[in-house]
Amino acid sequence: MHWADVIASELIEISSFHRIATGISPSGHIHLGNLREMVTADAIRRALIDAGGKAELIYIADDMDPLRRRYPFLPEKYSEFVGMPLCNIPDPSGCHESYSEHFLQPFLESLEVLGIPVEVRRASEMYRQGLYEDAIKTALKNCDKVAQIIREVTGREIEEDWYPFMPICEKCGRINSTKVTSFDDEFVYYTCKCGNSGKVSYKGGGKLSWRLDWVARWKILKITCEPFGKDHAAAGGSYDTGKRLAKEIFDYPPPFPVPYEWIHLKGVGAMKSSKGIVIPVRELIDALPPEIVRYIIIRAKPERHIEFDPGIGLLEIIDEFEEKFKEKDRSVQLSLVHEVKYSSVPFRHLIV
Numbered sequence: 230m231h232w233a234d235v236i237a238s239e240l241i242e243i244s245s246f247h248r249i250a251t252g253i254s255p256s257g258h259i260h261l262g263n264l265r266e267m268v269t270a271d272a273i274r275r276a277l278i279d280a281g282g283k284a285e286l287i288y289i290a291d292d293m294d295p296l297r298r299r300y301p302f303l304p305e306k307y308s309e310f311v312g313m314p315l316c317n318i319p320d321p322s323g324c325h326e327s328y329s330e331h332f333l334q335p336f337l338e339s340l341e342v343l344g345i346p347v348e349v350r351r352a353s354e355m356y357r358q359g360l361y362e363d364a365i366k367t368a369l370k371n372c373d374k375v376a377q378i379i380r381e382v383t384g385r386e387i388e389e390d391w392y393p394f395m396p397i398c399e400k401c402g403r404i405n406s407t408k409v410t411s412f413d414d415e416f417v418y419y420t421c422k423c424g425n426s427g428k429v430s431y432k433g434g435g436k437l438s439w440r441l442d443w444v445a446r447w448k449i450l451k452i453t454c455e456p457f458g459k460d461h462a463a464a465g466g467s468y469d470t471g472k473r474l475a476k477e478i479f480d481y482p483p484p485f486p487v488p489y490e491w492i493h494l495k496g497v498g499a500m501k502s503s504k505g506i507v508i509p510v511r512e513l514i515d516a517l518p519p520e521i522v523r524y525i526i527i528r529a530k531p532e533r534h535i536e537f538d539p540g541i542g543l544l545e546i547i548d549e550f551e552e553k554f555k556e557k558d559r560s561v562q563l564s565l566v567h568e569v570k571y572s573s574v575p576f577r578h579l580i581v
């Protein structure tokens, strides 16, 4: 049985309807390595539907995340934007309304080509709309309990005056240099390393720290399944912490986990936007049929790392797809975007 069908059968035992979440930070070119999360989630969605269930796929763009450093592909002047939310930083090319949209829009267009229907949710909009308000208040009111859970699961020390919320400084615009000092029913009060102090609204004035943000969205969006990278699945990692936070702070069952391994570029290593080791999804689908792009990921179990060879290795995968297509292989079925008819002309000759 195909890995997606195995997961679908386990999910259907829990419920006939599932909301599957994915989330990627648009901090740089969204690449083949990132795409594994989306294609894995969509394969599970399709398998659920084929098994008689219902499923929806949600993509959360983490555009409230701060720019962590000036990446090699950014001009020198972007050093001044480090620490600001991606949604509040100007587009480096001047063609979109923000930094995050510059990298997000080509990716969303690629998902359409790949036949992946998603409900797109931008974290910045969710915060501004007040969808996180109750979760923020719950996290702040239970701050001591949250800190204790993190200590117990991760072994990490948490400062006594720590709060799980990151206000956006009204003066410098940074989100990673502020510290909560107090809160009431209307505002969160803070100080910033830039010397400013002030207050922000629960609606868009900041964001929950990562582990709380992730768990809060499970409840807000009613998520029941989520693929995520192996780093989050490590013992004492984000998911272990999230399970306890979900149950003990937010009174919500943690979603069914689907950890996945990285995609490596042969001879180079794991793909990382920050290091420039990427094959942008847009470039990939301009060069290959969407079915092949999906098949590269779906043919391997999520727990296996994928060594992507854009040379001879890719041609071998194309030949394999052609043979498996004739056999009506399940990996091929889950990779199809359009109705594909077998041709007597070798598939590799049609695309090169």
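All residue numbers for the sequence shown refer to the numbering used here, where the first residue is 230 and numbers rise by one.
Don't be surprised by glycine CBs; every beta carbon is placed ideally from N, CA and C.
Keep in mind the model is a prediction, meaning the values are calculated, not measured.
Return yes when the Cβ of Y481 is within less than 8 Å of the Cβ of P456, no when it is not. In this structure, Y481 does not lie closer than 8 Å to P456 by Cβ.
Answer with buried or exposed for M230, where buried requires no fewer than 16 other C-beta atoms within 10 angstroms of its C-beta. By the 10 Å Cβ count, M230 comes out exposed.
What separation, rounded to the nearest whole angstrom, lies between the Cα atoms of P518 and H493? P518 and H493: Cα-Cα distance of roughly 21 Å.
Span of the beta strand (DSSP E) around V417: From DSSP, the beta strand (DSSP E) with V417 extends over F416 to C421.
Roughly how many angstroms separate the alpha carbons of C398 and V235, rounded to a whole number? The straight-line gap from Cα to Cα measures roughly 47 Å.
Compute the distance between the beta-carbons of R523 and S339, then report whether it is under 8 Å. S339 sits away from R523, with the two beta carbons spaced by 8 Å or more.
May I ask you to list the residues that DSSP assigns as paired with A352? None; A352 has no bridge partner.
Using 8 Å as the cut-off, can you tell me whether the segment 446-463 makes contact with the segment 248-263, which would need three or more C-beta pairs spanning the two stretches below that distance? Touching, per the Cβ criterion.
Are the beta-carbon atoms of V417 and K428 separated by less than 8 Å? A contact, by the Cβ cut-off of 8 Å.
Pop quiz: R440 and I379 are said to be a contact at Cβ under 8 Å. What is the actual Cβ separation, rounded to whole angstroms? That belief holds up - the Cβ atoms of R440 and I379 are roughly 7 Å apart, short of 8 Å.
Thinking C-alpha only, which one of E386, S426 and S329 is nearest V409? The candidate whose alpha carbon is nearest that of V409 is S426.
Taking just the CA atoms, how far does P539 sit from L579? Residue confidence for L579 is low, a pLDDT of 49 falling below 50, so the modelled location carries little weight; the figure read from the coordinates is stated next. Their Cα atoms are separated by approximately 17 Å.
Do you know offhand how far K310's Cα is from P335's? Note that residue 310 corresponds to Phe in the displayed sequence, not to Lys. For F310 and P335, the distance between alpha carbons rounds to 22 Å.
Roughly how many angstroms lie between the CA atoms of K283 and M267, to the nearest whole one? The alpha-carbon of K283 is positioned some 18 Å away from that of M267.
If contact is defined by three or more beta carbon pairs under 8 Å, each pair taking one atom from either stretch, is the segment 471-480 in contact with the segment 371-386? Touching, yes.
Taking the continuous alpha helix (DSSP H) assigned at Y524, which residues delimit it? P519 to I527 is the span of the alpha helix (DSSP H), which, as asked, contains Y524.
Okay, do the segment 317-328 and the segment 274-283 touch, 3+ Cβ pairs below 8 Å being the bar? Verdict: no, contact absent.
Using three-state DSSP, classify M395 as helix, strand or coil. In this structure, M395 counts as strand in the three-state DSSP scheme.
Take G435 and list the residues in its own chain whose beta-carbon comes closer than 7 Å to its own, dropping the five residues that flank it on each side. Correct list, in chain order: F394, M395, P396, I397, I404, V417 and V429.
Within its chain, find whatever has a CB closer than 6 Å to the CB of Y307; leave out the 5 residues flanking it on each side and keep chain order. Closer than 6 Å at the Cβ level, and outside the excluded window around Y307, lie R299.
Kindly indicate the opening and closing residues of the alpha helix (DSSP H) around L369. Its alpha helix (DSSP H) spans residues E362 to K370.
A352 beta carbon less than 8 Å from that of D292: In contact: D292 and A352 (Cβ atoms closer than 8 Å).
Buried or exposed by the 16-neighbour rule on C-beta atoms within 10 Å, applied to G262: Counting Cβ neighbours within 10 Å, G262 comes out buried, since at least 16 surround it.
Pull up the distance between the alpha-carbon of C421 and that of Y288, whole angstroms please. In a straight line, the C-alpha of C421 is about 32 Å away from that of Y288.
Nearest neighbour of K432, chosen from E362, K495 and F554 [CA to CA]: Minimum Cα distance to K432 is reached at E362.
Report the rounded CA-to-CA distance for K541 versus H325, giving the unit in angstroms. The sequence given here has Ile at residue 541, not Lys. Taking the straight line joining both Cα atoms gives about 37 Å.
My output table needs one value for V581: the three-state DSSP class, helix, strand or coil. For V581, the predicted model reports a pLDDT of 49, less than 50, meaning its position is unreliable and no value from the coordinates is stated.
Span of the alpha helix (DSSP H) around V409: Run containing V409: none in the alpha helix (DSSP H); it sits in the beta strand (DSSP E), T407 to F412.
Roughly how many whole angstroms lie between the Cα atoms of S238 and I521? Rounded to whole angstroms, the separation of the alpha carbons of I521 and S238 is 26 Å.
Determine whether the beta carbon atoms of R331 and P509 lie at a separation below 8 Å. The sequence given here places His at residue 331; Arg does not occur at that position. Contact: no.
Cβ atoms of V382 and D469: under 8 Å apart, would you say? The Cβ-Cβ distance between D469 and V382 falls below 8 Å.
Using DSSP with H/G/I as helix, E/B as strand and the rest coil, what is P301? DSSP places P301 in the coil class of the three-state scheme, outside both helix and strand.
Classification of S254 by the beta-carbon crowding that lies within 10 angstroms, buried from 16 upward: Its Cβ being crowded by 16 or more others within 10 Å, S254 is buried.
Where G458 falls: helix, strand or coil (DSSP): Reduced to three states, the DSSP call for G458 is strand.
Determine the DSSP secondary structure at A272, reduced to helix, strand or coil. A272 falls in the helix class under three-state DSSP.
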